[in-house]
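Trainee:
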Amino acid sequence: MIVHEHFSLKNYNTFGIDATARFFVEVSSVEELQDVLGNQDYDRKIVIGGGSNMLLSDRIEALFIHVALKGKKIISEFTNSVQVKVMAGENWHDMVMWTLDHNFGGLENMSLIPGNTGTAPIQNIGAYGVELKDCFVSCEAVRIEDQELVALTKEECQFGYRDSFFKNEGKDKYVITSVTFSFTKNDHKINSGYGAIEQQLDKESIANPTIRDISNAVIAIRQQKLPDPKVLGNSGSFFKNPIVEKEIFEDFALKNPDAPFYKVTDELYKIPAGWLIEQCGFKGKRFGDAGVHKNQALVLVNYDNATGKDILDLAANIIDAVKTKFNIEISPEVNLIK
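Be aware that the sequence shown starts at 52, since it is given in my numbering, and climbs by one per residue.
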């Protein structure tokens, strides 16, 4: 392992922010990760994967540890299901494509989500009616305080909407090294009820979609709405869709009868943050090198040389505007690293 000093993180975050890490190291095995985490020479350590869910400030006094553990392994297989262990450094979308190549069902609705597999449980990533927890069995992680490799069950991970144990009690206490999934092999559950997917399938005249059809539809939708981070720096959806209580929702719906929404429970409703932001006039607007994407108001972008502060200031302005106009709080989905 080589520890680099004053290392540019521009190629390690999908926003393309040219932040500088005081120190940087890449680890490709659990043992290397344990050694680095146990090294007392560095006061502050920050672990990164695909860099897709974070916003960096300009200069960060820390040792950045890039997790590059690779590999996929079938650990058990039955007539109708299979369990696969995937190492943390595997690219998420490439891994989803691998499952489809093997006719393993469960992740197709989450095609083209940026980032790596190891960080996916932290956020309980999801898209088009499906979340990571739906296929999750367990994960292995190195506990930072004693560098012990431990296993965590689905229940122990405490998954919620874009939330998990790793964002709460377990925050900054574990580094995920692998994730074990359960996939279907036959009788796949086709999740096509999301409006955008139905429209895309209708457009392609597909009446009985396969899991590959669902994936292709999701990819087409995401490519229409979301910019490629390699072309235009972004971190996908910057904000979480707010979930509000019935009383707040009813007041909102009375004032905004045409607003889209999704019923979560009898007492909770999800309102698309992109719609709220668009109604506040931010969609497609540019503020220096920071801006809001022209096709999807949920996505903040770096047009060229935006700093982390530029993006954060824009986000704060959007949050204030939505609160003022709708009396609804929206919050960032990305991790802010200073």
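We treat Cβ as the ideally placed atom computed from N, Cα and C, and that holds for glycine.
Where do the N-terminal and C-terminal ends of the beta strand (DSSP E) with F408 fall, by residue?
Mentor: Beyond the ends of the chain as shown, which are 52 and 389, falls residue 408; an answer cannot be given.
Trainee: Please state if the CB of I362 and the CB of N356 are separated by a distance shorter than 9 angstroms.
Mentor: no
Trainee: Buried or exposed for M138, please, with buried defined as at least 16 other CB atoms from any protein chain shown within 10 angstroms of its CB.
Mentor: By the neighbour-count criterion, in which 16 or more other beta carbons inside 10 Å mark a residue as buried, M138 falls on the buried side.
Trainee: The beta strand (DSSP E) that contains M161, what's its start and end?
Mentor: Counting along the chain, M161 falls outside any beta strand (DSSP E), and DSSP gives it neither H nor E.
Trainee: Touch check for the segment 126-134 and the segment 227-236: three-plus C-beta pairs under 8 angstroms?
Mentor: yes
Trainee: Please report the Cβ distance between S108 and G359, rounded to the nearest whole angstrom; I am assuming they are in contact, meaning their Cβ atoms lie under 8 angstroms.
Mentor: 4 angstroms
Trainee: Which residues in the same chain have their Cβ closer than 7 angstroms to the Cβ of V315, if we skip the five residues on either side of it in sequence?
Mentor: I294 and K321
Trainee: Check T204 in the structure and name its three-state DSSP category.
Mentor: strand
Trainee: Is R95 helix, strand or coil when you go by DSSP?
Mentor: coil
Trainee: In whole angstroms, what is the alpha-carbon distance linking F66 and L351?
Mentor: 9 angstroms
Trainee: Pick out whichever of R263, N160, T170 and Q274 has its Cα sitting closest to the Cα of N242.
Mentor: N160
Trainee: Among Q198, S288 and N64, which residue has its Cα nearest to the Cα of E83?
Mentor: Q198
Trainee: For S288 versus G325, is the C-beta spacing smaller than 9 angstroms?
Mentor: yes
Trainee: Would K376 pass as an interface residue toward chain B - the criterion being a Cβ-Cβ separation below 9 angstroms?
Mentor: Chain labels in this structure do not include chain B; a single protein chain is all it has.
Trainee: In the DSSP assignment, find the alpha helix (DSSP H) that holds N368 and state where it starts and stops.
Mentor: G359 to F377
Trainee: Can you give the beta carbon distance from S127 to S286, rounded, assuming they're within the 8 angstroms contact cut?
Mentor: Taking C-beta atoms under 8 angstroms as the contact rule, S127 and S286 fail to qualify, at a distance of about 35 angstroms.
Trainee: Candidates V226, K136 and L106: which alpha carbon is nearest V98's?
Mentor: Checked all of V226, K136 and L106; the closest Cα to V98 is V226.
Trainee: For L319 versus A341, is the C-beta spacing smaller than 9 angstroms?
Mentor: no
Trainee: Please return the same chain residues whose Cβ sits closer than 7 angstroms to the Cβ of N154, not counting the five positions on each side in sequence.
Mentor: Here the set comprises K236.
Trainee: Just mark G244 as buried or exposed, buried being the case when its beta carbon has 16 or more other beta carbons within 10 Å.
Mentor: By the C-beta density criterion, G244 is exposed, having fewer than 16 other C-beta atoms within 10 angstroms.
Trainee: With distances taken Cα to Cα, identify the nearest neighbour of V269 among K281, L387 and G180.
Mentor: G180
Trainee: On the CB-based measure, 16 or more other CB atoms within 10 Å of its CB, does V117 come out buried or exposed?
Mentor: For clarity, residue 117 is His in the given sequence; the question names Val instead. Burial call: buried.
Trainee: Determine the closest residue to S162 out of L183, F216 and I173, with distance taken between C-alpha atoms.
Mentor: Nearest of L183, F216 and I173 to S162, Cα basis: L183.
Trainee: Can you tell which of I68, R110, A119 and D69 has its C-alpha closest to the C-alpha of V76?
Mentor: Ranking I68, R110, A119 and D69 by Cα distance to V76 puts A119 first.
Trainee: Which one or two residues does DSSP pair with R194 in a beta bridge?
Mentor: E199 and Y225
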